[in-house]
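Numbering (our numbering), first residue to last: 167 to 424.
Step one of this worksheet: look at the structure below.
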Amino acid sequence: MRRTVILPGWQEPYAMSRGGGAELEGFCVDLASELSKALGFRYKLSLVKDNRYGALDASGAWSGLIGEVMRGEADLAVAPLTLTATREKAVDMTTPFMQTGISFLLRTDSASEESGFSVLAPFSTDMWVGVLVAFLLTGLCIFLVGRISPSEWAEPDSEEHSFTLLHSFWYITGALTLQGAGPHPKAASGRLIGAIWWLFAVLLLACYFANFSSLMHSGGKRVSIQTFEDLANQDGLDYGSVEGGSTMSFFKVKLTTG
Numbered sequence: 167m168r169r170t171v172i173l174p175g176w177q178e179p180y181a182m183s184r185g186g187g188a189e190l191e192g193f194c195v196d197l198a199s200e201l202s203k204a205l206g207f208r209y210k211l212s213l214v215k216d217n218r219y220g221a222l223d224a225s226g227a228w229s230g231l232i233g234e235v236m237r238g239e240a241d242l243a244v245a246p247l248t249l250t251a252t253r254e255k256a257v258d259m260t261t262p263f264m265q266t267g268i269s270f271l272l273r274t275d276s277a278s279e280e281s282g283f284s285v286l287a288p289f290s291t292d293m294w295v296g297v298l299v300a301f302l303l304t305g306l307c308i309f310l311v312g313r314i315s316p317s318e319w320a321e322p323d324s325e326e327h328s329f330t331l332l333h334s335f336w337y338i339t340g341a342l343t344l345q346g347a348g349p350h351p352k353a354a355s356g357r358l359i360g361a362i363w364w365l366f367a368v369l370l371l372a373c374y375f376a377n378f379s380s381l382m383h384s385g386g387k388r389v390s391i392q393t394f395e396d397l398a399n400q401d402g403l404d405y406g407s408v409e410g411g412s413t414m415s416f417f418k419v420k421l422t423t424g
């Protein structure tokens, strides 16, 4: 008995036209051939009429590959068809020949990669703002400690203490380069603040260079879209899914139940 096997339409590398003619080739074509040899049946190939995988419409009828199999228009469908609970209730499905998942596919923006601000890429904007605030507060704290602490006025021949506002910021800037800038605080409170800032600077630089090295070796661009919520909450990027596919059905169910 000759069976009818339907394919998902022109979709590389699963079903393609060989040399621009009517003959088909591709992964699904080869898989159908191997199935016929293993199970001992003859078959003819055809493409799905509506070019869809299969989804339920408002009337409860199936479209695409699933619909043609259920209506008896085809005996078997060989396609990269996602296995879902709804589809399993309608037809019998084999073990998937390929494991995949839902992901975002974005075009690489070469202009952004070559931007002069790439040195800021290892940290987020919030992180850089936090570092700047910590820098300003630490510089002010060292300056105030220098003004208040008697230890910083220990030189009887000097009417000025060494930690002016400018020098305070210069001192903590030196810590960020791991070079240091003297003179160092004399008061115990000033030394404690300096020690905490040095520890912060070492950890900050270690994290920065680790992230920077990772970005350089991956050769990729950090994208701002990481979740579906990020995608839904922006209006600068158009997006969509295959109509009648499992991805569209997945998000419809999530919106209905969520």
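The beta carbon of each residue, even a glycine, is placed where N, CA and C say it ideally should be.
For residue i, which of helix, strand or coil comes out of DSSP?
i    : result
E191 : strand
I172 : strand
M150 : Since the first residue of the chain shown is 167 and the last is 424, residue 150 is not available in this structure.
S269 : coil
L249 : coil
A287 : coil
A361 : helix
A243 : strand
S407 : coil
K203 : helix
A353 : coil
M293 : helix
T343 : coil
M264 : coil
R313 : helix
N399 : coil
Would you list the residues sitting across from residue i in a DSSP beta bridge?
i    : result
W228 : L222
R208 : R168
A181 : Q177
L213 : L173
Check whether the Cβ atoms of residue i and residue j lie closer than 8 Å to each other.
i    : j    : result
L231 : V214 : yes
L173 : L205 : no
L190 : F270 : no
Y219 : A245 : yes
I338 : G296 : no
I308 : I359 : yes
S315 : G356 : yes
A353 : V311 : yes
F207 : R169 : yes
P262 : F378 : no
A221 : S229 : yes
N217 : G185 : no
For a test of your reading of the model: does the CB of residue i fall under 7 Å from any non-hydrogen atom of the ligand SAM? Yes or no.
i    : result
G192 : Ligands in the displayed structure: none, and consequently the ligand SAM is not present.
Are the segment 253 to 272 and the segment 332 to 346 touching, with three or more C-beta to C-beta distances below 8 Å? no
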